[in-house]
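Scroll down for the structure; my scribbles are underneath it.
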Amino acid sequence: IDIPDQPDVAYFAVFDGHGGSTISEYASQHLHQYIFNRPEYGNGDIESALKGAFLALDEDIIKNGELNSAQIGTTAITVLIKNNFLYCANVGDSRAIASISGQVKPLSFDHKPFNDQEEKRIVNAGGKVEGQRVNGVLALSRAFGDGLFKG
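If you read the sequence shown in my numbering, its first letter stands for residue 500, the second for the next number, and so on.
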């Protein structure tokens with residue numbers, strides 16, 4: 500996406516919907532606006548802007564009756580390049596990697612329920628992991644949407 504008045508910025512994102520395309524389409528059309536409109540972004544705190552934008556978008560999806568279907572959601576992987584710095588943020592298991600001096604380096608972390616930290620987070624939030632899935636159903640531990648799994 501070209502960012503008006505910001506020629507030094509490049510934004511890339513991939514969304515992988517599950518249970519339908521509603522959430523992935525919505526997120527693909529709006530996530531960049533959530534990022535670039537965050538006050539943290541304007542202050543140069545890109546990491547906080549990404550985190551805040553992800554949380555705000557998910558909250559809005561969950562609150563929106565037209566979007567909030569119990570088991571529809573999407574993963575997301577985003578890369579933002581600004582002032583020659585690369586920032587990566589994700590939810591779910593969509594991945595980003597980079598080739599650095601011929602070596603493959605991961606830029607993201609898969610949010611899977613069988614990861615110890617993710618399992619603890621799920622249990623602390625009142626959920627459970629069964630068969631390496633959240634509540635025996637969802638194969639990833641974070642996503643936009645999936646209101647059924649968010650209390």
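Quick reminder that beta carbons are idealized off the backbone N, C-alpha and C, glycines included.
Keep in mind the model is a prediction, meaning the values are calculated, not measured.
If you look at F584, you'll find it in the beta strand (DSSP E) that goes F584 to V590.
Residue environment analysis places D501 among the exposed positions, since fewer than 16 neighbouring C-beta atoms fall within 10 angstroms of its C-beta. Taking 3 residues as the minimum length, the beta strand (DSSP E) runs contained wholly in the segment 594-648 are 596-599 and 602-605, in order along the chain.
Where G551 is concerned, the enclosing alpha helix (DSSP H) starts and stops at I545 to K562. The beta carbon of N614 lies closer than 8 Å to those of S640 in the same chain, with the five residues before and after it left out. Counting along the chain, no beta strand (DSSP E) covers G541; the unbroken alpha helix (DSSP H) around it starts and ends at P538 to G541. Taking C-beta atoms under 8 Å as the contact rule, K581 and V513 fail to qualify, at a distance of about 19 Å.
Between G644 and I522 a beta carbon distance of about 4 Å is seen, short of the 8 Å cut, so the two are scored as contacting. Three or more Cβ pairs closer than 8 Å define a contact, and the segment 579-593 meets that threshold against the segment 602-612.
In the DSSP secondary-structure assignment, G516 is bridged to T573.
Using a Cβ-Cβ distance cut-off of 8 Å, the segment 524-543 and the segment 551-566 are in contact, since at least three pairs of beta carbons, one from each stretch, lie closer than that value.
A Cβ-Cβ separation of about 5 Å places V578 in contact with F511 under the 8 Å criterion. When the alpha-carbon of G519 is set against those of T573, I560, A638 and A597, the nearest one is in T573. Bounds of the alpha helix (DSSP H) holding Q532 are T521 to F535.
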